[in-house]
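Here is the structure we will look at.
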Ligand SMILES: C[S@@+](CC[C@H](N)C(=O)[O-])C[C@H]1O[C@@H](n2cnc3c(N)ncnc32)[C@H](O)[C@@H]1O
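Numbering (UniProt numbering), first residue to last: 1 to 534.
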């Protein structure tokens, strides 16, 4: 799951406020048909837009009636109440404007007190703008002073001469590795820069990375040409970044030099970079959603539906696997202290506590996941949960407790040495719950496409027997919502080896449940392993 910028806008706008969406075209963020009170402004009427986009194979039925064709005039004149608009949304519009400063001024004058502007802007590092330098405020000022209503020769040349592709596509995301190529040519750039007539021809006139954009906005405010300040900013996800502006913003403006240097650094790398550390103030009443949004875009799981919070998509609260575990344990869970490995966002932690656990100590190594656990703890009021940041392998090596129950869900197949993990677990508990992927000859025979992710198997002599371990490199999949382990090549165990190993470790009562031979990543199962002492 990644942050959904459009969902953030929908939540912020809501259906009770009124606003404008510029250039919504076939991908409206706030469609009137969904109940949003949106005035649609575009460069052409709906019929013309449908005719324009039909050949592109997009869903033109999503194009809504256009309420006003943009003539560069006062936006406030389009507001029958005269009170101003609560929101103005422009997604992938700003970079096309002939005179962005004029646009910002018009928007600013049209906002109601407290009104917000939401911009989604392409990041040059992930689009066909890749081979162009970032635009400067100086260039924007030149367009402003000449009152451009058509793109000037410089913009036209740069766009049509330097259009780039990567791996054969025009837009890509972080981590893409395809080869770069020019799609534009000098002669095409020159032809368009010098074309006769005054018809509007579109182009990306303005090119940004997140920090180059922020620097321009900060300088515009410093000059006094635009009074808008940053309310919220999210660095790039996919090919775009998110900026929320308002006249009322009292957020401290970042130091220009920091922004300029960050823009240079961004231009020198393909990485989106970390969000620049800037004090960020939330100006709305405290709420659980604010807490969740503090790590917006990182959430893997959803919160319980009754809380009506926007986070991730996976349903892990009240997970049936944990409820099954609680049923199996009967009166052995209530009142007990539980150790949980890899809580991710604390959903299972909450479920264990709801099932009666006296306390849960949960060890999470991923720093961002740990912070999400802390937010979950606050949001759900989990007073009896304690989250610790660190490697549970190191913890298990050092720990001297006997745990009435250890829950290790979704972690064994992320281990480099799962046998060592099992040994340590067996030392610390008589009751172990595992949910894990395994290699299973019957469920995933040779030739099954899921085996393509496995490297050549390794044999390990363990307690006098050969055990097969299957290296399964993560490859290039790490993202902010990655929920695997810390080493590049974990090992998966064979199902029969795993069950045998548990027996060797003294677990004489082993139940298997939730077998999922067809899971997209590989066979998976729950195991409740108990050691009953005579
Ligand atoms: C696939 S998620 C499982 C989350 C949850 N337990 C579940 O079953 O839905 C694996 C979690 O284990 C964490 N993890 C992996 N290796 C770890 C380690 N050595 N120490 C602590 N946490 C680890 C990851 O950061 C991630 O949050």
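For glycine and all other residues, C-beta sits at the position ideal for the given N, C-alpha and C.
This structure is a prediction, so every number in the text was calculated from the model and none was measured.
- A buried status is given to residue 244, since no fewer than 16 other beta-carbon atoms sit within 10 Å of its beta-carbon.
- Taking a cut-off of 8 Å on C-beta distances, the stretch 207-221 does not touch the stretch 185-199, as fewer than three cross pairs fall below it.
- Beyond the five residues adjoining it in sequence on each side, residue 304 comes within less than 6 Å, by CB distance, of 317 in the same chain, given in chain order.
- A straight line joining the alpha-carbon of residue 526 with that of residue 259 spans about 50 Å.
- Its chain contains 94, 95, 208, 213, 240, 241 and 243 as the residues whose beta carbon lies nearer than 7 Å to that of residue 121, once the 5 sequence neighbours on both sides are disregarded; these appear in chain order.
- Within the stretch 394-443, the runs of alpha helix (DSSP H) that reach at least 4 residues and sit entirely inside it are, in chain order, 418-428.
- By the Cβ-count criterion, residue 482 is exposed, with fewer than 16 other Cβ atoms from all chains shown falling within 10 Å of its own Cβ.
- Residue 144 holds the alpha-carbon nearest to the alpha-carbon of residue 98 among 255, 144, 124 and 365.
- Put simply, the backbone Cα of residue 497 is about 17 Å away from that of residue 414.
- Distance between residue 86 and residue 308, taken at the CA atoms: about 23 Å.
- Leaving aside the five residues that flank residue 391 on each side, the residues in its chain whose CB is nearer than 6 Å to its CB run, in chain order, 365.
- If you draw a straight line from the Cα of residue 371 to the Cα of residue 160, it comes to about 45 Å.
- Assignment of beta-bridge partners to residue 492 by DSSP yields 470.
- Within the stretch 161-194, complete beta strand (DSSP E) segments of at least 3 residues are found at 164-166 and 180-182, given in chain order.
- Under the DSSP assignment, residue 222 falls in the alpha helix (DSSP H) whose first and last residues are 210-223.
- Taking 9 Å as the cut-off, the Cβ atoms of residue 16 and residue 324 do not count as close.
- The Cβ atoms of residue 311 and residue 302 lie closer than 9 Å to each other.
- Counting only runs of 3 or more residues that sit fully inside the stretch 83-127, the beta strand (DSSP E) segments are 85-91 and 111-122, in chain order.
- Contact check for residue 408 against residue 384 fails: the beta carbons are separated by 9 Å or more.
- Going by C-alpha positions, residue 78 is about 24 Å away from residue 11.
- Check the Cα spacing between residue 92 and each of 123, 81 and 102: the tightest is with 123.
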